[in-house]
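Novice:
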Amino acid sequence: MSVAETLDRLLAERILVLDGAMGTMIQAHRLGESDFRGTRFTEWERELKGNNDLLTLTQPDVIREIHDSFLAAGADILETNTFNSTPISQADYGMQSVSRELNETGARLAREVADAWTRKTPDRPRFVAGVLGPTNRTASMSPDVSDSGFRNITFDDLVTAYTESAEGVVAGGADLLMIETSFDTLNAKAAIYAMLSLFERLGRALPIMVSGTITDASGRTLSGQVPEAFWNAVAHARPVAVGFNCSLGAKELRPHVQEIARVAGTRVSVHPNAGLPNAFGDYDDTPENMAGLLGEFARSGFVNIVGGCCGTTPDHIAAIVDAVGGVAPRRIPDIAPACRLSGLEPLTIGAETEENRARRGGGFVNIGERTNVAGSIRFARLVRDGDFEASVEVARDQVANGAQIVDVNMDDAMLDAEASMVRFLRLAAAEPDIARVPFMVDSSKWPVVVSGLKCLQGKGVVNSI
228 MSVAETLDRL LAERILVLDG AMGTMIQAHR LGESDFRGTR FTEWERELKG
278 NNDLLTLTQP DVIREIHDSF LAAGADILET NTFNSTPISQ ADYGMQSVSR
328 ELNETGARLA REVADAWTRK TPDRPRFVAG VLGPTNRTAS MSPDVSDSGF
378 RNITFDDLVT AYTESAEGVV AGGADLLMIE TSFDTLNAKA AIYAMLSLFE
428 RLGRALPIMV SGTITDASGR TLSGQVPEAF WNAVAHARPV AVGFNCSLGA
478 KELRPHVQEI ARVAGTRVSV HPNAGLPNAF GDYDDTPENM AGLLGEFARS
528 GFVNIVGGCC GTTPDHIAAI VDAVGGVAPR RIPDIAPACR LSGLEPLTIG
578 AETEENRARR GGGFVNIGER TNVAGSIRFA RLVRDGDFEA SVEVARDQVA
628 NGAQIVDVNM DDAMLDAEAS MVRFLRLAAA EPDIARVPFM VDSSKWPVVV
678 SGLKCLQGKG VVNSI
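By the working numbering, the letter at position 295 of the sequence shown is numbered 522, and the numbering carries on one by one without gaps.
#1: Return the CA-CA distance between alanine 657 and aspartate 612, expressed in angstroms with no decimal places.
#2: Can you name, in chain order, every residue of its own chain whose Cβ lies under 6 Å from the Cβ of valine 689, other than the five neighbours on each side?
#3: Can you give the beta carbon distance from leucine 336 to isoleucine 290, rounded, assuming they're within the 8 Å contact cut?
#4: Which whole-angstrom value describes the C-beta separation of asparagine 599 and aspartate 634, a residue pair presumed to lie in contact below a C-beta threshold of 8 Å?
#5: What are the start and end residues of each continuous alpha helix (DSSP H) run of 4 or more residues lying completely inside the region 339 to 421, in chain order?
#6: If you run the structure through DSSP and keep just helix, strand and coil, what is histidine 256?
#7: Are the CB atoms of glycine 694 and asparagine 330 nearer to each other than 8 Å?
#8: Using 8 Å as the threshold, is the C-beta distance between alanine 418 and isoleucine 406 below it?
#9: Checking 8 Å against the spacing of the C-beta atoms, do leucine 521 and valine 495 come in under that value?
#10: State the Cα-Cα distance for the pair aspartate 343 and isoleucine 435, rounded to the nearest angstrom.
#11: Round the Cβ separation of glutamate 260 and glutamate 240 to the nearest angstrom and send it over; I've been treating them as touching at under 8 Å.
#12: Taking DSSP as the reference, what is the three-state secondary structure of threonine 575?
#13: Using CA coordinates, which residue listed in Gly376, Asp350, Leu385 is at the minimum distance from leucine 359?
#14: Return the CA-CA distance between alanine 300 and isoleucine 544, expressed in angstroms with no decimal places.
#15: Quick one: Cα of glycine 476 to Cα of proline 482, how far?
#16: Within 10 angstroms of the Cβ of phenylalanine 354, are there 16 or more other Cβ atoms? Answer buried if so, exposed if not.
#17: Any idea what DSSP makes of alanine 468, helix, strand or coil?
#18: With 16 other CB atoms within 10 Å as the buried threshold, where does leucine 654 fall?
#19: Given a threshold of 16 other Cβ atoms within 10 Å of its Cβ, counted over all protein chains shown, does methionine 641 qualify as buried or as exposed?
#20: Taking 6 Å as the limit between beta carbons, can you name the residues of its chain near aspartate 295, skipping five residues before and five after?
#21: Grab the span of the beta strand (DSSP E) containing glutamate 306 for me, first residue to last.
#22: Smallest Cα separation from asparagine 500: which of Thr540, Gln485, Ile532, Val530?
#23: In chain order, which alpha helix (DSSP H) runs of at least 4 residues are fully inside the region 495 to 557?
#24: With distances taken between CB atoms, is the gap from alanine 366 to phenylalanine 377 smaller than 8 Å?
#25: With a 10 Å radius around its C-beta and 16 neighbouring C-beta atoms as the bar for buried, classify alanine 498 as buried or exposed.
#26: From Pro659, Ala393, Gly602, Arg623, pick the residue whose C-alpha is nearest to that of methionine 637; which is it?
#27: Using the Cβ count rule (16 or more neighbours within 10 Å means buried), how would you classify glutamate 306?
#28: Could you have a look at glycine 333 and say whether DSSP puts it in helix, strand or coil?
#29: Does the count of Cβ pairs from the region 308 to 319 and the region 552 to 564 closer than 8 Å reach three?
#30: According to DSSP, is aspartate 288 part of a helix, a strand, or is it coil?
#31: Need the endpoints of the alpha helix (DSSP H) that serine 678 sits in, please.
#32: Is isoleucine 661 near the ligand PLP - that is, is its Cβ less than 7 Å away from at least one heavy atom of it?
#33: Keeping to the same chain, check which residues put their C-beta closer than 8 Å to that of phenylalanine 606; ignore five residues upstream and five downstream.
#34: Out of Trp673, Cys682, Pro674, which has the shortest C-alpha to C-alpha gap to phenylalanine 666?
#35: What distance in whole Å lies between the Cβ atoms of methionine 249 and isoleucine 304, which are believed to be in contact at a cut-off of 8 Å?
Below, the structure written as C-alpha cells:
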C-alpha cells in the first residue's frame with residue numbers, strides 16, 4: 228500500500244492530528260544571532276536572527292527536538308520547518324541561494340523523526356507534510372496605494388519560487404505537500420500550478436493540502452474571498468484536504484470551518500492559533516480550552532484533520548489528541564454536479580437548489596459584455612486612450628445592473644491585447660464591488676487568455692477559444 232493510500236485509509240477511519248507551532252517552540256529556546264548563524268554563516272552580511280527556517284541548517288538538533296516533542300504529544304503529521312523557505316521569502320536575508328537546500332533538508336529532518344516514531348509503533352505511521360508558505364508578496368493586490376494595478380510579484384515569479392521549494396521538500400522525503408496560511412488565493416493557485424507541473428515531470432503525484440487564512444470577523448481572506456469562493460478557486464487541485472489556519476483562534480474560526488465543511492467535496496482541516504494575540508503579541512488560549520473547542524468541531528462533523536498554529540505547544544497537541552480521539556471523522560458530503568465559479572464570492576450554475584435560483588435571480592446567468600472592445604464603442608475608446616480607471620467604471624456599472632459574470636475582451640488591432648487585459652483585470656481586482664463576481668477572459672489569442680487567467684484569484688471562464 229502506498230503512503231497516499233495509507234493516508235487515505237486512516238483519514239476514513241479517524242481524525243488525524245497535525246503538529247503545533249514551530250515558531251513558538253523556537254522562541255522558547257531563546258536563540259541569539261550567533262545561534263542562527265552557526266559556523267557556516269558567521270560572516271553573512273545581514274542579520275539572520277528571526278530566520279527560523281535557517282535553523283534547519285545551523286541548529287538541526289533544535290528542529291529535531293521540536294519535531295520529536297510534537298510526535299510524543301500524539302501528532303500524526305509533522306510540518307516541515309520550511310514555511311519561509313521560498314526564494315522570495317529568503318530574499319529578506321539575501322539567502323535565495325540556499326532555498327532549495329532549506330526545503331530538502333527541512334523535509335529530511337522531519338522524515339528522520341517521523342520514521343523513528345513509525346518504527347516504534349508500526350501500526351501508527353507518522354507523515355511528513357512539506358510546507359510551502361504564502362511568501363511575503365501578494366499577486367492579486369497592490370502594495371502601492373497610488374496604483375492599484377501595480378504588482379510586486381507575478382504569477383510566473385511565484386510558480387518559479389514554489390517549484391524550487393516543492394522540488395526540495397519532495398526530494399527530502401515529504402509524504403504530502405501543504406500550501407499553508409494562504410491569504411491570497413492567486414498565490415495559492417501559483418503553488419498548485421507549480422506542484423501539478425512537478426508531479427507531471429516526476430511521473431507521480433503527492434497528496435496536496437490547501438489551508439487558507441481568514442483575516443478577521445469579516446469571514447474573508449486578506450484578498451477578500453469568502454470560504455466557498457476560496458474552495459471553488461482551488462478545487463481543481465483535488466486536494467486531500469482544504470481548510471483554514473492561523474489569524475484567528477478556534478472560537479473565531481468556527482463559522483468559517485462550518486462553511487467550508489458544508490461546501491467542500493474533500494476532507495477539511497483546521498489548525499487555529501491558541502486564541503487571539505494579547506497586548507504583548509502572545510497567545511493565551513489554554514490547551515484545555517482550545518482542545519475543548521476543537522473537540523466540539525469534531526463532534527459537529529466539521530473536520531478530518533486538526534492541529535495548532537501560532538502559540539500552540541506539545542501540551543496543546545496532546546490535549547487535542549485526547550479531545551478528538553474516538554470521534555468519527557467528517558463524512559465528505561455528496562456535492563451536486565455544477566459549474567462552480569468564483570470572484571470574491573461564489574457563483575454556482577447548474578445545481579438547481581432554491582439557494583442557487585435565488586442567488587442567480589432566475590434560470591439564466593447574466594454576463595456583462597460591455598467590457599469588450601468589440602461590444603462597446605465607449606469601452607474601446609477608453610482603453611485605446613489608456614484611461615483604464617474610467618474603463619473599470621464600465622465594469623462597475625455592469626455589476627451594479629445585474630451582471631453575474633464580467634466578460635473582458637481586448638482583441639483590437641490598435642491595442643496590445645495582452646498588456647491591456649492584464650492592466651484591466653488587476654485594476655478591477657482592487658474594486659470589491661466588481662471583483663465579487665467571476666471574470667470571463669475573452670480572447671481568440673491564446674497568450675492573452677493565459678495572461679488573463681494568471682490575474683484571477685477566483686475561478687473564471689474562458690471564452691472565444
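Glycine included, each C-beta is placed from N, C-alpha and C at the ideal position.
Specialist: Walking through what the data contain:
#1: Along the sequence shown, read from residue 1 onward, the residue named residue 657 stands at position 430. Along the sequence shown, read from residue 1 onward, the residue named residue 612 stands at position 385. One C-alpha to the other measures close to 21 Å.
#2: Working through the sequence shown from its first residue, we reach residue 689 at position 462. Residues of the same chain with a CB within less than 6 Å of the CB of valine 689, apart from the 5 flanking positions on each side, are Val668, Val676 in chain order.
#3: Counted from its first residue, the sequence shown places residue 336 at position 109. Counted from its first residue, the sequence shown places residue 290 at position 63. Rounded, the Cβ-Cβ distance is 5 Å, consistent with contact.
#4: Residue numbering aside, residue 599 sits at position 372 when the sequence shown is read from its first letter. Residue numbering aside, residue 634 sits at position 407 when the sequence shown is read from its first letter. With a Cβ gap of about 6 Å, asparagine 599 and aspartate 634 count as contacting.
#5: Correct list: 382 to 398.
#6: Along the sequence shown, read from residue 1 onward, the residue named residue 256 stands at position 29. Of the three classes helix, strand and coil, the one that applies to histidine 256 here is coil, per DSSP.
#7: Within the shown structure, residues of the chain are numbered from 228 to 692, placing residue 694 beyond reach of any answer.
#8: For the purposes of this step, residue 418 is identified with residue 191 of the sequence shown, where counting begins at 1. For the purposes of this step, residue 406 is identified with residue 179 of the sequence shown, where counting begins at 1. Closer than 8 Å, so yes.
#9: Here the question's residue 521 lines up with position 294 in the sequence shown. Here the question's residue 495 lines up with position 268 in the sequence shown. Not a contact, by the Cβ cut-off of 8 Å.
#10: The count along the sequence shown starts at 1 and reaches residue 343 at position 116. The count along the sequence shown starts at 1 and reaches residue 435 at position 208. Inspection of the sequence shows that residue 343 is occupied by alanine rather than by aspartate. C-alpha of alanine 343 to C-alpha of isoleucine 435: approximately 24 Å in a straight line.
#11: Locating residue 260 in the sequence shown gives position 33, where the first residue counts as 1. Locating residue 240 in the sequence shown gives position 13, where the first residue counts as 1. Not really, about 47 Å apart at Cβ, beyond 8 Å.
#12: Counting from one through the sequence shown, the residue named residue 575 turns up at place 348. Threonine 575 falls in the strand class under three-state DSSP.
#13: In the sequence shown, residue 359 corresponds to position 132, counting from 1. Selected option, being the one with the closest Cα: Leu385.
#14: Position 73 of the sequence shown, counted from the first residue, corresponds to residue 300. Position 317 of the sequence shown, counted from the first residue, corresponds to residue 544. C-alpha of alanine 300 to C-alpha of isoleucine 544: approximately 6 Å in a straight line.
#15: As a first step, residue 476 must be located in the sequence shown, where it is residue number 249. As a first step, residue 482 must be located in the sequence shown, where it is residue number 255. Distance between the alpha carbons of glycine 476 and proline 482 is about 12 Å.
#16: To locate residue 354, count along the sequence shown from 1; it is residue 127. The residue is buried, with at least 16 neighbouring Cβ atoms inside 10 Å.
#17: In the sequence shown, counting from the first residue as 1, residue 468 sits at position 241. Of the three classes helix, strand and coil, the one that applies to alanine 468 here is strand, per DSSP.
#18: Indexing the sequence shown from 1 puts residue 654 at position 427. The residue in question, leucine 654, is buried, as its Cβ has 16 or more Cβ neighbours within 10 Å.
#19: Taking the sequence shown and counting its residues from 1, the one referred to as residue 641 is at position 414. Methionine 641 is exposed by the Cβ-count criterion.
#20: Against the sequence shown, residue 295 aligns to sequence position 68. Closer than 6 Å at Cβ, skipping near neighbours: Val340.
#21: As a first step, residue 306 must be located in the sequence shown, where it is residue number 79. Residue range 304 to 306 is occupied by the beta strand (DSSP E) that includes glutamate 306.
#22: Taking the sequence shown and counting its residues from 1, one reaches residue 500 at position 273. The option with the nearest alpha carbon to asparagine 500 is Thr540.
#23: Listed in chain order, the alpha helix (DSSP H) elements of length 4 or more contained wholly in the region 495 to 557 are 514 to 526, 541 to 551.
#24: Along the sequence shown, read from residue 1 onward, the residue named residue 366 stands at position 139. Along the sequence shown, read from residue 1 onward, the residue named residue 377 stands at position 150. Cβ distance not < 8 Å, so alanine 366 and phenylalanine 377 don't count as in contact.
#25: Here residue 498 refers to the residue found at position 271 when the sequence shown is read from its first residue. Residue identity check: residue 498 is histidine in the sequence provided, not alanine. It counts as buried.
#26: Mapped onto the sequence shown, residue 637 falls at position 410. Of the candidates Pro659, Ala393, Gly602, Arg623, Gly602 places its Cα closest to the Cα of methionine 637.
#27: Position 79 of the sequence shown, counted from the first residue, corresponds to residue 306. A residue is called buried once 16 or more other Cβ atoms fall within 10 Å of its Cβ, and glutamate 306 is buried on that count.
#28: The residue labelled residue 333 in the question sits at position 106 within the sequence shown. The answer is helix: DSSP assigns glycine 333 an H, G or I state.
#29: In this structure the region 308 to 319 does not lie against the region 552 to 564, because fewer than three pairs of beta carbons, one per stretch, are closer than 8 Å.
#30: Residue mapping note: residue 288 aligns to position 61 of the sequence shown, counting from 1. Of the three classes helix, strand and coil, the one that applies to aspartate 288 here is helix, per DSSP.
#31: Here residue 678 corresponds to residue number 451 of the sequence shown, with the count starting at 1. Segment 673 to 680, the alpha helix (DSSP H) holding serine 678.
#32: Of ligands this structure carries none, so the ligand PLP is not represented either.
#33: Taking the first residue of the sequence shown as position 1, residue 606 is located at position 379. Result list for phenylalanine 606: Arg597, Thr598, Asn599, Val600, Ser618, Val621, in chain order.
#34: Translated into the one-based positions of the sequence shown, residue 666 becomes position 439. A check of alpha carbon separations from phenylalanine 666 across Trp673, Cys682, Pro674 identifies Cys682 as the nearest.
#35: Taking the sequence shown and counting its residues from 1, one reaches residue 304 at position 77. Taking the sequence shown and counting its residues from 1, one reaches residue 249 at position 22. Not confirmed; about 13 Å, so no contact.
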